[in-house]
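> The structure follows.
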Amino acid sequence: MLKKLWIQEKNRLLLSSILFSSGLFMGVLLGSFVNIHPDLYYRPGQDIAWYNLALNNIAVALLIAGTGILLSIPTIIMLLFNGIMIGFIIMLSAAVHSYPTLLAGLLPHGILEIPALLLAGAIGLRPLGFFARAIKLREKIQWRKEARQSAALFAVVTVMLIAASLIEAHITPVIMDLTR
């Protein structure tokens, strides 16, 4: 079932990636024009429990995916906004850390976290697609089937975000310390 869903989600994943990447680009541009002293936001040794990271990320993913029922407009806005925030944080962090440390801080958990958020975005874009199909093809929306497929995809998002949170809390700090 999941393999078939991945194939079906290809275009929505692409659109989700384009929206997020556009936001990321805007965030990098914005961050390069802002001059904020790193001491205002950087606190070394800031420990955050993995489950707090997971709950926060799952809540964000649920908002991105769940608000798609509103014709996907909130999903589009949140994908752009999350891209802007990450781009902005990258630029601010570049003022504090070397590039190897910056990459060490982003890549280990970002490899799972960002694709999970993009998949949540694809879930949030699904209603736009099936509303369009219903109007264009006069096709009846199969709500149960759509809900089941979305739930299966969100289960994958949840597992990815839990793994990313464990990596962010326990592995990323060790790798960052090695690059300082």
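Heads up: the sequence shown begins at 0 in numbering that gives the first Met the number 0, then just goes up one per residue.
Where a beta carbon is used, it is the ideal one built from N, C-alpha and C, also for glycine.
1. Using only CA atoms, which one of Glu138, Ala58, Gln148 and Ser31 lies nearest to Ala202?
2. Determine contact between the stretch 167-176 and the stretch 100-110, defined as no fewer than three beta-carbon pairs at a distance below 8 Å.
3. Between Phe183 and Leu160, which are expected to be in contact by the criterion C-beta below 8 Å, what is the C-beta distance as a whole number of angstroms?
4. The alpha helix (DSSP H) spanning Ser135 covers which residue range?
5. Using the Cβ count rule (16 or more neighbours within 10 Å means buried), how would you classify Phe24?
6. Would you call Ile63 buried or exposed, if buried means 16 or more other Cβ atoms sit within 10 Å of its Cβ?
7. How big is the Cα-Cα spacing for Ala163 and Leu79?
8. Please return the same chain residues whose Cβ sits closer than 7 Å to the Cβ of Leu14, not counting the five positions on each side in sequence.
9. How should Ala60 be labelled, buried or exposed, when 16 other C-beta atoms within 10 angstroms of its C-beta is the threshold for buried?
10. For Glu138, count neighbouring C-beta atoms within 10 Å of its own C-beta (all shown protein chains included) and say buried if the count is 16 or more, exposed if not.
Short version:
1. With the chain represented from 0 up to 179, any question about residue 202 goes unanswered, as that position is not in the structure.
2. yes
3. With the chain covering 0 to 179 only, the question about residue 183 has no answer from this structure.
4. A small fix is needed here, since residue 135 is Lys in this sequence, not Ser. Counting along the chain, the alpha helix (DSSP H) containing Lys135 begins and ends at Tyr98 to Lys135.
5. exposed
6. buried
7. 21 Å
8. Leu124
9. buried
10. exposed
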